[in-house]
Amino acid sequence: MSRRLVHVGIAFLVIYGLLFFRLEMVQVVNAKNLRNHPQNTREIMLDFDAPRGLIQTADGEIVAQTVAISGPRNRLRQYPYGSLYSQVVGFISAEHGGSGIERSHNGFLAGSDLSVRIQDSRDLFVDQARTGQVELSLRHDVQLVTRAAMAGHRGTVVVVEPNSGSVWGMWSNPNFDPNHLSSHDLSAAAIDFNALNTDVAQPLTNRAEYQSVEIGSLFTIVTAAAAIENNLSDFNVPATSSFPARSNFPIITNSDENECGGTIKSLMISSCRSGWATIGAEIGHGPLEAVTKRFGLLGDDPVRSENALPGTVRATGLVSSVPHAAVGTSMKLTPLQVANLFATISNGGSQMQPRLVNRVRAHDGSVIHNFGPRVVNQSVSKETAAELLGLLSENVKNGNAAGLELSDVSMGGLLASSFSESNHLWMVALAPVTRPEVIVAVLLEGDDFDDRQAAEASITGISRRITEAVLRLPSPTLGGS
Amino acid sequence: MWTVAEVNHQRIVELTLLLLAAFITLTTVAVAAVAETTDIDWVAIPYLAVLLLLWTVSHLSLRKWAPTANGLLFPISALLQGIGVAFVLRINPELLTGHLIWSAFATCGFITVIAGISDLNRLQKFQKSLGLAGLVLISIPVVMKLIDGGIGSYRSLRIGSVATHPGQLGTLCLIIFFAGWLATYRSRNTAEHLGQTEPLEGDPSRFISLIGAWLLTSITVIFQSDVSSAFVLVAIFLSMWWVAVGRPLDLAIFLAATIGSVLLALTSVPELQDRFAAWTDPWSNPQFGEVINRSTFALAGGGLTGTGPGEGSADWVVGATDQFAFIPIAEELGFIGASAILSSFLLLTGVALRLSTIARREFEGLSAIGIAIFFASQAWAPIAVALRLLPPNDISLPFISSNGSALFTCSVALALLLKISETVSPKADPTEILPRVTSESEGTP
């Protein structure tokens, strides 16, 4: 009897041992991953009622602030511009956590970050609420211009200053009004949150950073870079109308079945898919992959703005057939990645870390953290970058981005259309092309694309209007650099 | 009046440990009160005073009616209860009045058992009525669920404004009944073995207990979708049965049959399927999974050393004062504090299991095993749910949870354990871990 009692004792020691083991895994070993889990709303929920610093744009507009009110909860988070900044700034809610800058920079805003909490030696002894103010790189004027140009369309726009990596504009539709979610009427907030969260259009997602879309022939700029590096810039492709199918990969045809060929310059302006496929086969898989990797487009950790929250992991890679990889088959990127790619080319081949936040200030306005320009990688040489800019410039003069042309500024640009799987269009504009000061990446989704020419005209018009307006805006010194 | 020589050293050990438990409780409350996010004010003091008064009353009644009872059991339960109150005080102070009234009621039950049952073996005479009462009590939640047909196994029987969970008290009654049954079974078989009775031909009555336990478990799983309660029942039954009977083949058959019923329930009961889905992937099922995810995040937020009392996420995890009472403790006291709580439960179980080896009669020994495993499995299940070792179900943590009827049941069970330990001669007590205090020392209260 007592021997069997030992069995019972051992059995319970073992299952309690399991508890210790799991507890150790959750609380100690995996704790860091779990704290940074995208759906972990614990910390921001803890800070909902606490004092909270404001968020302002680079040109001084307040886009999120906490105001004193009377009632059981005495502080309310307000977003004066509603949906204009919703995707970037995000929201904070009592029960549904938060998103965007509100969440990724919560430590600064709520003052839990040590550098914010202890601002001078007195703070070591007096426990008082210290909060930090976050200054974005976004410009209010650029945001307004972007929203006006995109009126009535679904899609995403990212405006980047290439020399410093500052993001000047980031706007997408569908979006949401964060004031509804930060409301103290918790049941109404819950109804709104559930409606937004279950919406198939996913208005809560910041599409510019967290939604990857097939880029198609935008990828030919990377193929061109690889061609230049491998001394194939003068390689003459014989004129063909299609590139033959390979195992598991379909035939590559040109739009309207026209015959085209020539050097990469003429391939670019004629959007010659069969020609790019031939060039790709000449380059080979290894060199093409190397260039793609140096641009930071491969791997499971896509380029995001500094301190951004991690998204769901999704590995990007080149398809195994080089000709298909060269025309961008299955290559999916986020709008911010696309803007960053063209900013790298515009910045002499040196890739800058994209930034949404310029600096964090203390309560008295002094700067605690300055997120200055940071070089990630030298992706291609200056000479290669200059040649690529020449291609993009030529493409505006004679190619598929012809509609971008402005009377007094030389532009560069590239258009990608006609995707088999989904209805969307890409356009990237660079201006001025000799030494670009602004990159505008536009993704249009869900328009009526039966008439492709009308859709292309529409995205070209949007890109041109935004670029032109941003160039005319009187604030060239903003954004660091 | 007690003279120095009359005080048993077990009571002195108990008093010392009780003072330690009081110190830990008061420190926890005090640290939480200093934290900026909480607003514990002076109202807390009368509540804590009442708690300490209840401990004193229990301790004094042990001195009077059970002076030789084990001195470790009550301080462990008091420490757990004190930690529970310290957390309820901060998370939801509105529950506190009710909790303390229930604590007083539980103390009454405790003293009634200590003072009223002079000889535990007399309980064995009531075993049939206790078994019947246990069956009725344990089936109340099942019937209630069948009648209203809703989702969820955590049914409380409301009498006026008082909510009770009769299932646990039913389990305790069944433990006493089963201990009595097993003791009779063993004596019958021993008599056969010694040739004092007719041969029983392998005693077919042994299957009665197996079938009965299997039926109870299956009903709990199929009609209540409650895997945690089923685990508690199986754990208690198997422990007592294995020690008393211990046939490996029967064990295998019982386990196979139980797993069979769980599989059958899994194919036919939608609620159980939902619970299992939430167990395998908490994100897939927000109804049952959200609280699991929040528990995980809260635990991770605590880390090794915890956020400190008063700095945690409080009632963000739904049920943080009852079913998930472990979460705020582990979050605020960290892995270290959580391990201390787990160790306390292990110590409680270990002390209770050793009592069974030195009990004078088999009925008492088997009851001690049953109650020991009652505590051990009741504590294991809710923590295992939070750590995703069991499908989500609601079950209260012994002594810590702010759940009045569970506290009452646990206090009565503890009193029974103390009564069992009392019949043991103090000299033979191997559970003594503190140095014996000589009778000449200054040990008066």
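Chains as they are written, first to last, in this note's numbering: chain A, 1 to 481; chain B, 1001 to 1445.
For every residue, glycine included, the Cβ atom is placed at its ideal position computed from N, Cα and C.
The beta carbon of valine 134 of chain A is closer than 7 Å to those of Gly53, Ile55, Ile101, His105, Phe108, Leu109, Val357, Val360 in its chain, skipping five residues each way along the sequence.
If you check the CB distance, leucine 1146 of chain B and leucine 1100 of chain B do not come in under 8 Å. If the five residues before and after glutamate 257 of chain A are omitted, its C-beta is found closer than 6 Å to the C-beta atoms of Ser241, all from its own chain and listed in chain order.
One Cα belongs to asparagine 30 of chain A, the other to proline 38 of chain A, and the distance between them is close to 14 Å. Residues of the same chain with a CB within less than 7 Å of the CB of valine 145 of chain A, apart from the 5 flanking positions on each side, are Ile466, Ala469, Val470 in chain order. Contact check for methionine 1240 of chain B against phenylalanine 1177 of chain B fails: the beta carbons are separated by 8 Å or more. Pairing aspartate 1315 of chain B with serine 1396 of chain B gives a Cβ-Cβ distance that is not under 8 Å. Looking at the DSSP output, glutamine 133 of chain A sits in a beta bridge with A:Arg361.
Flagged as an interface residue toward chain B: phenylalanine 20 of chain A, by a C-beta distance shorter than 8 Å. For serine 407 of chain A, there is no enclosing beta strand (DSSP E), as DSSP gives it neither H nor E.
Beta-carbon to beta-carbon, isoleucine 439 of chain A and leucine 430 of chain A are separated by about 6 Å, close enough to satisfy the 8 Å threshold. Interface flag for valine 14 of chain A against chain B is unset, since no Cβ pair is found closer than 8 Å. Looking at the DSSP output, cysteine 260 of chain A sits in a beta bridge with A:Thr240.
Closer than 7 Å at the C-beta level to chain A, one finds these residues of the segment 1299–1313 of chain B: Leu1299, Ala1300, Gly1301, Gly1302, Gly1303, Leu1304, Ser1313. Of the candidates B:Ala1066, B:Ala1163, B:Gly1098, B:Ile1091, the residue whose Cα lies closest to the Cα of glycine 1116 of chain B is B:Ala1066.
Secondary structure within the segment 18–73 of chain A: the beta strand (DSSP E) runs of 3 or more consecutive residues, fully enclosed, are 62–68 (chain order). For glycine 107 of chain A, no Cβ of chain B is located within less than 8 Å of the residue's own Cβ. Here leucine 388 of chain A has Ile221, Ala224, Ala225, Ile228, Ile345, Val380 as same chain residues with Cβ atoms under 8 Å from its own Cβ, once five neighbours each way along the sequence are excluded.
Here the alpha carbons of leucine 136 of chain A and arginine 374 of chain A stand approximately 16 Å from one another.
For glutamine 1287 of chain B, the secondary structure class from DSSP, reduced to helix, strand or coil, is helix.
For glycine 1246 of chain B and aspartate 301 of chain A, the gap between their C-alpha atoms comes out near 57 Å. DSSP places glutamate 1311 of chain B in the coil class of the three-state scheme, outside both helix and strand.
Considering only B:Gly1109, B:Thr1107, B:Gln1168, B:Cys1108, the residue with the shortest C-alpha distance to leucine 1135 of chain B is B:Gln1168.
Measuring C-alpha to C-alpha distances from leucine 1054 of chain B to each of B:Leu1018, B:Ser1421, B:Val1221, B:Val1031 identifies B:Leu1018 as the nearest. Against valine 1243 of chain B, the close residues of chain A are Met1, Ser2, Arg4, Leu5, His7, Val8, in the order they occur along the chain (beta-carbon pairs closer than 9 Å).
DSSP links leucine 414 of chain A through a beta bridge to A:Val428.
Neighbours of asparagine 30 of chain A in chain B, taken as residues whose beta carbon is under 8 Å from its own, are Ala1300 in chain order. In chain order, Val237 place their CB closer than 6 Å to the CB of threonine 278 of chain A, counting only its own chain and leaving out the 5 sequence neighbours on each side. For tryptophan 1380 of chain B, the nearest CB of chain A lies under 8 Å from its own CB, placing it at the interface with that chain. Within its own chain, the residues whose Cβ lies closer than 6 Å to the Cβ of arginine 304 of chain A, once the five positions on either side in sequence are excluded, are Glu209, listed in chain order. Taking a Cβ-Cβ threshold of 7 Å, the residues of chain A close to leucine 1387 of chain B are Leu19, Arg22, Leu23, Val26, in chain order. Positions of the alpha helix (DSSP H) runs, each at least 4 residues long and wholly inside the segment 251–319 of chain A, are given as 264–269, 273–283, 285–294 in order along the chain. Beyond the five residues adjoining it in sequence on each side, alanine 1381 of chain B comes within less than 7 Å, by CB distance, of Ser1228, Phe1231, Val1232, Leu1390, Ile1395 in the same chain, given in chain order. For the segment 1243–1273 of chain B, the beta-carbon criterion of a distance under 7 Å to any beta-carbon of chain A is satisfied by Val1243, Gly1246. Using a Cβ-Cβ cut-off of 8 Å, isoleucine 1091 of chain B does not count as an interface residue toward chain A, since no Cβ of chain A sits closer than that to its own. Pairwise C-beta distances place the segment 1326–1339 of chain B out of contact with the segment 73–90 of chain A, as fewer than three of them are shorter than 8 Å.
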